[in-house]
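Here the structure is laid out as structure tokens; the discussion comes afterwards.
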Amino acid sequence: MEKVKVLDKTFRTMVKHADIMAAISDVASRINRDYKDCEEPPLLLCILNGAIPFTAELMKHLNFDHELACMKVKSYEGTATTGKVKVDMAPTTSFKGRKVIIAEDIVDTGITIHFLKKFIKDEGASDVRVSTLMFKPESFSRNAGMLAGRGERMTPPEYIGMSIPDAFILGFGMDYNEIGRNYRDIYVLDEQ
Ligand code: 5GP
Numbered sequence: 015m016e017k018v019k020v021l022d023k024t025f026r027t028m029v030k031h032a033d034i035m036a037a038i039s040d041v042a043s044r045i046n047r048d049y050k051d052c053e054e055p056p057l058l059l060c061i062l063n064g065a066i067p068f069t070a071e072l073m074k075h076l077n078f079d080h081e082l083a084c085m086k087v088k089s090y091e092g093t094a095t096t097g098k099v100k101v102d103m104a105p106t107t108s109f110k111g112r113k114v115i116i117a118e119d120i121v122d123t124g125i126t127i128h129f130l131k132k133f134i135k136d137e138g139a140s141d142v143r144v145s146t147l148m149f150k151p152e153s154f155s156r157n158a159g160m161l162a163g164r165g166e167r168m169t170p171p172e173y174i175g176m177s178i179p180d181a182f183i184l185g186f187g188m189d190y191n192e193i194g195r196n197y198r199d200i201y202v203l204d205e206q
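The following block contains the structure:
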């Protein structure tokens with residue numbers, strides 16, 4: 015097992031590059047199946063910065079016409095969520111009447127995709143679905159349960175590459191304080 019030091023923390027290998035590639039190819043097949051008869055090219059929305067490597071790899075496998083757009087949001091500081099989502103860069107294309115496929119690096123509590131889905135629908139999109147490379151189902155369910163108590167309904171991502179336990183990860187686009195996005199493999203925080 016490989017260990018890497020990033021800033022003040024140590025991480026160990028969790029998912030090797032080949033397994034990341036296989037997961038993305040699998041996500042793409044499911045998206046291809048669902049969008050093959052789409053009349054208007056859907057908008058693939060890359061959520062900056064973390065989803066750049068995922069989106070770039072996913073696009074190589076999509077076999078239907080689509081447009082690419084970007085938007086930047088932020089909810090994490092260090093290794094924890096702030097609980098609030100901030101738009102750092104507005105979307106680069108109009109969502110009006112469009113079918114939108116969000117591409118996220120990771121869905122944790124789900125607050126980011128919950129915010130994005132509402133934002134994109136409010137901007138007039140006809141349909142919004144979420145693809146994500148990584149998913150933390152326990153964290154998502156905990157938060158969805160809390161929101162349900164307040165009458166808000168959260169839906170899990172439609173296309174998931176891999177589900178993982180609650181832990182902080184980095185690599186393949188994901189950062190720790192903006193460092194580590196360039197790693198080919200995915201690493202998990204080493205608590206030892
Ligand atoms: P959520 O809003 O679902 O809690 O978190 C979504 C965003 O938080 C992701 O797009 C990502 O930027 C960040 N995030 C959540 N979990 C992790 C993680 O384990 N590692 C890293 N590097 N970022 C994460």
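Numbers 15 to 206, taken from this note's numbering, label the letters of the sequence shown in order. Every residue gets a Cβ at the ideal spot worked out from N, C-alpha and C, and that includes glycine.
| query | result |
| --- | --- |
| Limits of the unbroken alpha helix (DSSP H) element including Phe129 | 125–136 |
| Near the ligand 5GP: Ala37 beta-carbon under 8 angstroms from a heavy atom | no |
| Anticipated Cβ contact below 8 angstroms, Ile115 with Leu184, distance rounded | With 8 angstroms as the limit, Ile115 and Leu184 do not qualify as a contact, their Cβ atoms being about 25 angstroms apart. |
| Start-end ranges of the beta strand (DSSP E) lying completely within the region 143–193, minimum 3 residues | 173–177 |
| Candidates Phe133, Gly64, His128: closest to Lys110 by CA position | Phe133 |
| Distance between Pro56 and Leu82 (C-alpha atoms, nearest Å) | 9 angstroms |
| Reference Val202; option with closest CA among Pro179, Gly97, Glu192 | Pro179 |
| Stretch pair the region 161–170 + the region 71–89: three plus CB contacts closer than 8 angstroms | no |
| CB contact flag (Asp189, Ile34, <9 angstroms) | no |
| Helix, strand or coil at Tyr201 according to DSSP, with G and I counted as helix | strand |
| Distance cut-off 8 angstroms: Phe25 Cβ against heavy atoms of the ligand 5GP | no |
| Rounded distance between the beta-carbons of Asn63 and Arg156, thought under 8 angstroms | Their Cβ separation, rounded to whole angstroms, is 26 angstroms, which puts Arg156 and Asn63 out of contact at 8 angstroms. |
| Stretch-stretch touch, CB-based, cutoff 8 angstroms, three pairs: the region 87–101 with the region 138–145 | no |
| Identity of the residue in Met103, Ile174, His31 nearest Arg143 by Cα | Ile174 |
| C-beta contact flag for Ile193 and Val20 at 9 angstroms | yes |
| Buried versus exposed, by CB contacts within 10 Å (16 or more), Ser108 | exposed |
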